[in-house]
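*Asks:*
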Amino acid sequence: MQSTTMSSAGVSATVCRRQGGFKAAMRGQAVAQQHHARAGRSSLRVVARDFPKPDFEKEKTFQEMAAISAAVKAAPRPKEPLTVVIAGAGLAGLSTAKYLVDAGHKPIVLEARDVLGGKVAAWKDEDGDWYETGLHIFFGAYPNLMNLFKELNIEDRLQWKQHSMIFAVRDSPGEFSRFDFPDLPAPLNGIVAILRNNQMLSWPEKIQFALGLLPAIVYGQPYVEAQDDKTVTEWMVKQGVPARVNDEVFIAMAKALNFIDPDELSMICVLIALNRFLQERHGSKMAFLDGCPPERLCQPMVDYVTARGGEVRMKAGIKNIELNEDGSVKQYNLLSGESITADLYVSAVPVDIFKRLLPAPWYQQQFFSKLDKLVGVPVINIHIWFDRKLTTVDHLLFSRSPLLSVYADMSTTCREYFDTERSMLELVFAPAEKWIGRPDEEIIAATMKELENLFPTEIAADGSKAQIRKYKVVKTPLGVYKTVPECEPCRPTQRTPTRNFYLAGDYTKQRYLASMEGATFSGKLCAQAIAEDWNTSAVKPSQPAKEKALA
Ligand SMILES: Cc1cc2nc3c(=O)[nH]c(=O)nc-3n(C[C@H](O)[C@H](O)[C@H](O)COP(=O)(O)OP(=O)(O)OC[C@H]3O[C@@H](n4cnc5c(N)ncnc54)[C@H](O)[C@@H]3O)c2cc1C
């Protein structure tokens, strides 16, 4: 199937059975079929199928990141392991700890909450069902995470889906438009996917968009970085790209990338994503984790670290950072009243929290004061458990609705949440600025109105069709930093001007966006910087700076 509309998986499934030629296009899509249950009521049966793990090991980026992992492991062993205290057990803090034990050190991770993972944290409700901080998607273009899964021997926990991007069709309730990537080298696969979809963009629009992107292709990274002074909408106007391209594609993309609209989002964000998606054969392939991230991804990191002499302490929030007279860190003071001293200190807390912990003397330095520009964006993650199986797709969907960003039927996409009888939709509600303070009931009512459009035959906002069994609303008032123009120069490196203090976190400088990949990479870069600075040093970090300089 070249063209790409499907009204719903149920209807498509019927078409598929009637016309064998559609079969290939439906591969990997959960097929919800009407059949009659014993009680005589119509119910749905879902067939979900994962796709093989892509062979991204051949990609240059995967190999580059594998080389950094290997270099950290092969770094000369320190005379004695340094104790490194890390604040925060999100992916950045855990990644720092993982690569620090690889480099021969002893990390102690201090996490404020009783749950691992930070923005990938999840909880079990009273029925034993998981609910999460965010619907999380892993991309083929995440070479650090892919290396990490391999290093932890948990690659089989990623459920790869068909190489497609699926968008709801505006003004055609219940219809979806697909970009199906053929198995060809990049960027040919992306070009073919775009050219084959004639539903969202006309030929003249595609051509004008391609011409607009030409400088990014010709001039590469320097051009991409220079676009940080414009929003996506401003860039479109400057490049003569029709406004409809913005409306059809970039509102959905901006909301998915940073939970804001294209008239706020910096163009650098879109270009970084496009660059990776279009340059790597498997870059835009998506995978779901097979269960909740704290258990399926964070716990193996903790096990790895503790098996090698590190520690992870929960409910151990940092209250403040106490300094020595020379401005270096003396100790972390905990909310419990305890103080922790170490050879080195790392902050892997989110940027908004780090700014609150920032000692006043450090604020005099531009390295730290420029962090003022980085401010978390509000986002809401919604889970609705329905009393029946909805017609569904085994993939992530771009809702293109005013209030929602992406969503997925987790009862189909994710092994641990799998349910053939009843759907659980997980939806990202964004932009959420005007909604973050509103009651859950209002947010759910607004979501149901949007869902009416996405599931016209199955969901009615008044609840007269599919019934809500229960819901959970998880609000994150300060999520990833809001990537408005001119943020890029404010992202700090993992090395700081303070000799015994380092940073990790998705907001810190690395070539990926604020994402799981960015967080993981920042932790690895942090551990690498520590290994480079101290593994061969003749002095200890506790000795004055000039002695280190002489060493
Ligand atoms: C709704 C949503 C959807 C998302 N979807 C995706 C996606 O599909 N793909 C993707 O790649 N990324 C996605 N992200 C982004 C991704 O989750 C984050 O970029 C990443 O997890 C951030 O990791 P981090 O370690 O830098 O920070 P965090 O995860 O925020 O970790 C910081 C940790 O520090 C702890 N902490 C805070 N204060 C203290 C203190 N005083 N003392 C000790 N510890 C403290 C916190 O409790 C937390 O555990 C999404 C985010 C959200 C919110």
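The opening position of the sequence shown corresponds to residue 184 in the numbering used here, with each subsequent residue numbered one higher. Beta carbons are placed, not taken as given, at the ideal position from N, Cα and C, and that holds for glycine.
Taking the runs of the beta strand (DSSP E) that are 3 residues or longer, which of them lie wholly in the segment 584-662?
*Replies:* DSSP runs (the beta strand (DSSP E)) wholly in the segment 584-662: 587-592, 607-612 and 651-659.
*Asks:* Are the segment 499-516 and the segment 291-311 in contact at 8 angstroms, needing three or more beta carbon pairs?
*Replies:* The segment 499-516, when compared against the segment 291-311, does touch it at the 8 angstroms Cβ threshold.
*Asks:* Any chance you could list the alpha helix (DSSP H) runs of at least 4 consecutive residues sitting entirely within the segment 252-339, in chain order?
*Replies:* Here the runs fully enclosed are 274-285 and 326-334.
*Asks:* Report yes or no: do three or more beta-carbon pairs, one from the segment 715-728 and one from the segment 254-266, lie closer than 8 angstroms?
*Replies:* With the cut-off at 8 angstroms, the segment 715-728 and the segment 254-266 touch.
*Asks:* What separation, rounded to the nearest whole angstrom, lies between the Cα atoms of Ala525 and Tyr590?
*Replies:* Position 342 of the sequence shown, counting from 1, holds the residue named residue 525. Position 407 of the sequence shown, counting from 1, holds the residue named residue 590. Approximately 43 angstroms, taken between the alpha carbons.
*Asks:* Between the C-alpha atoms of Glu671 and Gln514, what's the straight-line distance to the nearest angstrom?
*Replies:* Position 488 of the sequence shown holds residue 671. Position 331 of the sequence shown holds residue 514. Going from the Cα of Glu671 to the Cα of Gln514 covers about 30 angstroms.
*Asks:* Relative to the alpha-carbon of Ala257, which residue among Lys438, Leu283 and Ile434 has its alpha-carbon at the smallest distance?
*Replies:* On the sequence shown, residue 257 is found 74 positions in, with the first residue counted as 1. Closest option to Ala257, Cα to Cα, is Leu283.
*Asks:* Name the residue from Ile377, Asp509, Ala543 and Ile619 whose alpha carbon lies nearest to the alpha carbon of Leu457.
*Replies:* Here residue 457 is taken as the residue at index 274 of the sequence shown, counted from 1. Nearest C-alpha to Leu457: Ile377.
*Asks:* For Thr158, list the residues DSSP reports as bridge partners.
*Replies:* Given a span of 184 to 734 for the chain in the structure shown, any question on residue 158 remains unanswerable.
*Asks:* Identify the continuous alpha helix (DSSP H) that holds Ser347 and give its terminal residues.
*Replies:* Reading the sequence shown from its first residue, position 164 is the one you call residue 347. Run containing Ser347: none in the alpha helix (DSSP H); it sits in the beta strand (DSSP E), Ser347 to Ala351.
*Asks:* Val657 and Asn564: beta carbons closer than 8 angstroms?
*Replies:* On the sequence shown, residue 657 is found 474 positions in, with the first residue counted as 1. On the sequence shown, residue 564 is found 381 positions in, with the first residue counted as 1. Their beta carbons are under 8 angstroms apart, which means Val657 touches Asn564 by this criterion.
*Asks:* Val255: which of Asn441, Lys723 and Gln711 sits nearest, CA to CA?
*Replies:* By one-based count along the sequence shown, residue 255 stands at place 72. Residue Gln711 is the option with its Cα nearest to Val255.
*Asks:* Kindly indicate which residue of Asp310, His319 and Gly287 has the alpha-carbon position closest to the one of Gly301.
*Replies:* The residue labelled residue 301 in the question sits at position 118 within the sequence shown. Ranking the options by Cα distance to Gly301, first place goes to His319.
*Asks:* Apply the 10 Å Cβ neighbour rule to Glu700 and answer buried if 16 or more other Cβ atoms are within range, or exposed otherwise.
*Replies:* Here residue 700 corresponds to residue number 517 of the sequence shown, with the count starting at 1. Result: buried.
*Asks:* Return yes when the Cβ of Leu557 is within less than 8 angstroms of the Cβ of Tyr664, no when it is not.
*Replies:* For the purposes of this step, residue 664 is identified with residue 481 of the sequence shown, where counting begins at 1. For the purposes of this step, residue 557 is identified with residue 374 of the sequence shown, where counting begins at 1. Yes, the pair counts as a contact, with Cβ atoms nearer than the cut-off.
*Asks:* In whole angstroms, give me the CA-to-CA distance for Pro544 and Leu265.
*Replies:* By 1-based counting over the sequence shown, the position of residue 544 is 361. By 1-based counting over the sequence shown, the position of residue 265 is 82. C-alpha separation (whole angstroms): 26 angstroms.
*Asks:* Return the Cβ separation of Ile269 and Ala628 in integer angstroms, given the expectation that the two are a contact with Cβ distance under 8 angstroms.
*Replies:* For this step, residue 269 is matched to residue 86 along the sequence shown. For this step, residue 628 is matched to residue 445 along the sequence shown. With a Cβ gap of about 42 angstroms, Ile269 and Ala628 do not count as contacting.
*Asks:* Would you mind listing the alpha helix (DSSP H) stretches within the segment 369-443 that are 4+ residues and don't spill past its ends, in chain order?
*Replies:* You should have 371-379, 386-409, 415-421 and 434-441.
*Asks:* At a threshold of 7 angstroms, does Met383 count as lining ligand 1 (C-beta to nearest heavy atom)?
*Replies:* Here residue 383 refers to the residue found at position 200 of the sequence shown. No, the beta carbon of Met383 sits no closer than 7 angstroms to any heavy atom of ligand 1.
*Asks:* Who are the Cβ neighbours of Gly373 in its own chain at under 6 angstroms, not counting the five residues just before and after it?
*Replies:* Counting from 1 along the sequence shown, the entry for residue 373 is found at position 190. Taken in chain order, the residues that qualify are Leu461.
*Asks:* When DSSP labels each residue in this structure, what does Arg361 get in the three-state scheme?
*Replies:* As a first step, residue 361 is located in the sequence shown; it is residue number 178 there, counting from the start. Reduced to three states, the DSSP call for Arg361 is strand.
*Asks:* In the structure shown, what three-state DSSP assignment does Ser522 receive?
*Replies:* For the purposes of this step, residue 522 is taken as the residue at position 339 of the sequence shown. The answer is strand: DSSP assigns Ser522 an E or B state.
*Asks:* Taking only the alpha-carbon atoms, compute the straight-line gap between His288 and Val267 and give it to the nearest angstrom.
*Replies:* Here residue 288 refers to the residue found at position 105 of the sequence shown. Here residue 267 refers to the residue found at position 84 of the sequence shown. Roughly 7 angstroms separates the two Cα atoms.
*Asks:* What residue does the beta strand (DSSP E) around Ala714 start on, and which one ends it?
*Replies:* Counting from 1 along the sequence shown, the entry for residue 714 is found at position 531. Per DSSP, Ala714 belongs to no beta strand (DSSP E); it is in the alpha helix (DSSP H), Met699 to Trp717.
*Asks:* Gly559 to Leu587, Cα distance in whole Å?
*Replies:* Translated into positions along the sequence shown, residue 559 becomes position 376. Translated into positions along the sequence shown, residue 587 becomes position 404. Going from the Cα of Gly559 to the Cα of Leu587 covers about 19 angstroms.
*Asks:* How many Å lie between Leu394 and Ala426 at the Cα?
*Replies:* Counting from one through the sequence shown, the residue named residue 394 turns up at place 211. Counting from one through the sequence shown, the residue named residue 426 turns up at place 243. Those two C-alpha atoms are separated by around 14 angstroms.
*Asks:* So, under 8 angstroms CB-CB, Leu344 and His578 are touching, yes? Tell me the CB distance rounded to an integer number of Å.
*Replies:* Along the sequence shown, one-based indexing puts residue 344 at 161. Along the sequence shown, one-based indexing puts residue 578 at 395. Checking the displayed sequence, the identity of residue 344 turns out to be Lys instead of Leu. Rounded, the Cβ-Cβ distance is 5 angstroms, consistent with contact.
*Asks:* Which one of Phe612, Asp592 and Glu599 has the shortest CA to CA distance from Ser606?
*Replies:* In the sequence shown, residue 606 corresponds to position 423, counting from 1. Out of Phe612, Asp592 and Glu599, Asp592 has the C-alpha closest to the C-alpha of Ser606.
*Asks:* Does the segment 464-481 come into contact with the segment 316-335, if we say contact requires no fewer than three beta-carbon pairs (one atom in each stretch) closer than 8 angstroms?
*Replies:* The segment 464-481 is in contact with the segment 316-335.
*Asks:* Which same chain residues end up closer than 6 angstroms to Phe332 when comparing Cβ atoms and leaving out the 5 residues on each side of it in sequence?
*Replies:* Within the sequence shown, the letter at position 149 stands for residue 332. Taken in chain order, the residues that qualify are Glu338.
*Asks:* Using C-beta distances below 8 angstroms, list every residue in its chain close to Ser725, excluding the 5 sequence neighbours before and after it, in chain order.
*Replies:* Counted from its first residue, the sequence shown places residue 725 at position 542. Around Ser725: Asp526 and Asn683.
*Asks:* Under the assumption that Leu440 contacts Val420 (Cβ atoms under 8 angstroms), give the Cβ distance between them as a whole number of angstroms.
*Replies:* As a first step, residue 440 must be located in the sequence shown, where it is residue number 257. As a first step, residue 420 must be located in the sequence shown, where it is residue number 237. The pair is not a contact, with the Cβ atoms about 20 angstroms apart (cut-off 8 angstroms).
*Asks:* DSSP beta-bridge partners for Val512?
*Replies:* Translated into the one-based positions of the sequence shown, residue 512 becomes position 329. Leu506, per the DSSP bridge assignment.
*Asks:* Please confirm whether any heavy atom of ligand 1 lies closer than 7 angstroms to the CB of Asn564.
*Replies:* Mapped onto the sequence shown, residue 564 falls at position 381. Yes, the Cβ of Asn564 comes within 7 angstroms of a heavy atom of ligand 1.
*Asks:* Straight-line CA distance for Val447 to Pro405?
*Replies:* Numbered from its first residue, the sequence shown carries residue 447 at position 264. Numbered from its first residue, the sequence shown carries residue 405 at position 222. Looking at the sequence provided, one finds Glu at residue 447 rather than Val. Distance between the alpha carbons of Glu447 and Pro405: 22 angstroms.
*Asks:* Against chain D, does Arg652 count as a neighbour if the rule is that its beta carbon must be under 8 angstroms from one of theirs?
*Replies:* As a matter of chain content, chain D is missing from the structure shown, which is built from one protein chain.
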